[in-house]
Amino acid sequence: MRNSLRPPEMTNGTNGQTPLVDDQSGASTSRPSGGVVIRCCAENRPQISVPPTALLLPLSFRGVDFHDTMSFLRRRKGKFPNPEHHHHHQQNGDGNGDGEREKKERESRERKEEEERKSATRTTRKKWSCVDGCCWFIGCICSTWWFLLFLYSAMPASFPQYVTEAITGPLPDPPGVKLRKEGLVAKHPVVFVPGIVTGGLELWEGHQCADGLFRKRLWGGTFGELYRRPLCWVEHMSLDNETGVDPSGIRVRPVSGLVAADYFAPGYFVWAVLIANLARIGYEEKTMYMAAYDWRLSFQNTEVRDQTLSRIKSNIELMVATNDGKKVVVIPHSMGVLYFLHFMKWVEAPAPMGGGGGSDWCAKHIKAVMNIGGPFLGVPKAVSGLFSVEAKDIAVARAFAPGVLDKDVFGLQTLQHMMRMTRTWDATMSMIPKGGDTIWGGLDWSPEGNYSCSAKKLKNNGTLPSGQNGTRNKGSAKEVNYGRIISFGKDEAALPSSEIERIDFRNAVKGNILANTSNCDVWTEYHEMGVGGVKAVADYKVYTAGEILDLLHFVAPKLMARGGAHFSHGIADNLDDLKYQHYKYWSNPLETTLPNAPDMEIYSMYGVGIPTERAYVYKLTPASECCIPFQIDTSVDGGSEDSCLKGGVFSTDGDETVPALSAGFMCAKGWRGKTRFNPSGIRTYIREYDHAPPANLLEGRGTQSGAHVDIMGNFALIEDVIRVAAGATGEELGGDQVYTDIFEWSNMIDLQL
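Right, here's the structure in full:
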């Protein structure tokens, strides 16, 4: 009976049928008379008609199992979505075949709909732009940086040293560790005197643009404010162009303590390595003192405004008194050498101009002065800095990207702003070459003229008596005339002086304002010179050290007028003349005398073996542009590999900033023995440190560097300093240590001693 059961008929019509009302929609349906309609609650589901008598019987009596019936109904529901299809398939007798086709068609439609949805998603998705790429790149860089920083913080402190030693072999002990093993301990208090630009400066009062910067570093540290508000930074770092001190409403002061100059910027040490090694043998802050000062001011103005010289005097007296009367060892660096030379004369001079310490103050309080990289006689780099705000590196950058540093880029005329700012810093005048042509050479000669830029160095670490030269640099190369510190044109730098036609610029009439200067946002003194003044400077062709002062008076009159009251650059005829008691002469070793302290020692310690700027070849820039009219001609070269002329700069031996002649002459000749500049016969020593670059990146700035600042991490120099601080004398160090021809160069200088 189960096999003979026919599926109930489906009805969709109304003829002969009883209408029904849908409970949910209210739509009318129909039911056949004499039958019952079984319908699904969902919309558009098939209605199944069965005989009424069949409903009265139990399913089991009808020979049909309930589960079979429901299964059958579900199969019918899936095959025929509506009654018309069911009726059609009943008539044709091929329901199974049509159901399969219907299923395939439905699946095909679903696939098409899915593809259309995916296509619409791809169409509406935002395209990858350049900004997206930049953001992604920056994100990768930042993520990598933070990951590396995390690894660096997580790794053991000894891991970098382990990696370095695995590559380069065992590292030598730092000088402090080495000397502690030898039994050296702290003895003499130590005073550090930083140089120009290496000491930190912080803001104590400023204009509205500097809100939130109280006691924040404007110089040193991260230099964050230079990037955030550059014009405001320049305004606050500049001094008054008339007085040479603070502008109205601005107070910038030196940072105090050892942190003032231990690091110039994060990771860039200045005094930190030396301080750390001194601490290894027992030094601490009470036996070390950083004589920080505002390196922008003239030396005497640091006393007038901040009483810095008085503070140094008081601190030295305190350190001597609290260390059982042991004298201090003073370690000046760079311009700090000149500053402390000024201090030694100030402290002995009577008040009010001086400190009133008396003529024996230095003899009572100072054991030794260990000058590092001292520009005793000035540096040619100071001339190019004041003349065109350039040095070799800046000149190369200026040539590589013409106009970027000169013109208005990102709202800044960089070089013009730098010139206007630095020409308010009177201290820069202390480093203009001193001694004129007598020291630096004239139109047709110079002391280092026989220096060979390709000569191989031969070391000589022995003690050398006065007058004995080093061991090198007499070469077969053509003699270089370094006496022409500035030349306009390569030919003018090499021609005999008799063949050079020069037109005196001193009486030239300034005027005819430079073209387009009305569009210049930054005023410089060159704008007042005009075309006539600029042409007159170039027509003079060459300038020696004796003519540099006249040149600077012509192009920077305000700076030279202020600075002339605080500094002098000549050679004294008679040191007994009362005029040399004025403070303007105290920082020039050729116009003042050393203290009356025969037991004191003076060292000149500097690096050698690095090409150092000595003279320049200049050119005029187009007058139609709003820029500084003079520029180092980087296209000029000597024409050979061993030439001393490269990129418009003549180089000699030195520490990359200070030529060996300037750093070594006074200790080699001017102060050697009893002279009119050293009446008490203070012993002087020259300690040259031959430059050796780091072997690999893991060595950082190296432990054998002779560069002007990097020498502060030179292990040999640090060892010499520690030994003297622990009580050694210059003779115990081994006397002079010389690699250059400094004694021969000094003997070529005809100076009355």
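Using the UniProt record's numbering, the letters of the sequence shown correspond one by one to residues 1 to 753. Where is the CB? At the ideal position from N, CA and C, for every residue including glycine.
Query                                                                                                                              : Result
Distance between beta carbons of Lys-558 and Arg-502, contact taken as under 8 Å                                                   : Going by Cβ atoms, the distance from Arg-502 to Lys-558 rounds to 26 Å, so no, they are not a contact pair.
Contacts around Ala-660, its chain only, beta-carbon distance under 6 Å, and the 5 residues preceding and following it disregarded : Val-608, Asp-653, Gly-654, Thr-740 and Ile-742
According to DSSP, residues forming a beta bridge with Arg-217                                                                     : Glu-202
Counted within 10 angstroms of its Cβ, other Cβ atoms place Leu-55 as buried (16 or more) or exposed                               : Low local confidence applies: a pLDDT of 41 at Leu-55 is under 50, so the model's placement there is unreliable, and no value is given.
Met-560: first and last residue of the uninterrupted beta strand (DSSP E) it sits in                                               : Careful: Met-560 lies outside any beta strand (DSSP E), inside the alpha helix (DSSP H) at 557 to 563.
Three-state secondary structure assigned by DSSP to Lys-674                                                                        : coil
Span separating the alpha-carbon of Ala-292 from that of Met-237                                                                   : 17 Å
Validate contact between the stretch 248 to 260 and the stretch 277 to 295 using beta carbons, cut 8 Å, 3 pairs                    : yes
Residue burial classification, Leu-645 (beta-carbon count within 10 angstroms, cutoff 16)                                          : buried
Beta bridge counterpart(s) of Asn-333 as assigned by DSSP                                                                          : Here residue 333 turns out to be His, not Asn, going by the sequence shown. His-333 is bridged to Ile-372.
Ile-632 - partner residues in DSSP beta bridges                                                                                    : Tyr-618
Start and end residues, beta strand (DSSP E) containing Phe-264                                                                    : 263 to 265
CA nearest to the CA of Met-429, picked from Gly-441, Gly-385 and Lys-392                                                          : Gly-385
Alpha-carbon spacing of Pro-8 relative to Lys-112, whole angstroms                                                                 : Below a pLDDT of 50, predicted positions are generally treated as unreliable, and Pro-8, at 44, falls in that range; the measurement from the model is reported next regardless. Cα to Cα, the separation comes out at about 36 Å.
Those residues which DSSP pairs with Lys-646 across a bridge                                                                       : Val-649
Where Asn-3 sits in the DSSP three-state scheme                                                                                    : Low confidence applies to Asn-3: its pLDDT is 42, below 50, so where it sits in the model is not reliable enough to give any reading.
Span of the beta strand (DSSP E) around Asp-690                                                                                    : 683 to 690
Residue from Phe-269, Gly-664 and Tyr-543 with nearest C-alpha to Gly-700                                                          : Phe-269
The stretch 278 to 289 contacting the stretch 179 to 186, beta-carbon criterion three pairs below 8 Å                              : yes
CB contact flag (Tyr-618, Ile-628, <8 Å)                                                                                           : no
Close-in-space but distant-in-sequence residues of the same chain around Ala-265 (CB under 8 Å, 5 per side omitted)                : Gly-220, Gly-221, Thr-222 and Phe-223
Which residues DSSP lists as bridging Glu-613, in chain order                                                                      : Ser-651
Thr-612 to Val-509 span [Cα, whole Å]                                                                                              : 36 Å
Between the CA atoms of Asp-690 and Ala-707 - distance to the nearest angstrom                                                     : 10 Å
Option nearest Phe-554 by Cα separation, candidates Leu-575, Ala-565, Glu-528 and His-569                                          : Glu-528
Status (buried if at least 16 other CB within 10 Å, exposed otherwise) for His-207                                                 : exposed
Start and end residues, alpha helix (DSSP H) containing Ala-237                                                                    : The sequence shown places Met at residue 237, rather than the Ala named in the question. Looking at the DSSP string, the run of the alpha helix (DSSP H) that includes Met-237 is 230 to 237.
Three-state secondary structure assigned by DSSP to Phe-299                                                                        : helix
Val-649 and Lys-392 closer than 8 Å at C-beta                                                                                      : yes
Stretch-stretch touch, CB-based, cutoff 8 Å, three pairs: the stretch 425 to 445 with the stretch 368 to 386                       : yes
Proximity below 8 Å, CB of Trp-145 to CB of Pro-447                                                                                : no
Bridge partners - Ala-604, DSSP secondary structure assignment                                                                     : Contrary to the premise, residue 604 reads as Ser rather than Ala in this sequence. DSSP lists Asn-371 and Ile-686 as partners of Ser-604.
Contact check, Met-370 vs Val-724, beta carbons under 8 Å                                                                          : yes
Closest Cα partner of Trp-445 within the set Gly-483, Met-421 and Phe-505                                                          : Gly-483
Residue interval of the beta strand (DSSP E) (run including Tyr-289)                                                               : 288 to 290
Proximity winner among Val-480, Ala-615, Pro-622 and Asn-450, relative to Gly-530 (alpha-carbon distances)                         : Pro-622
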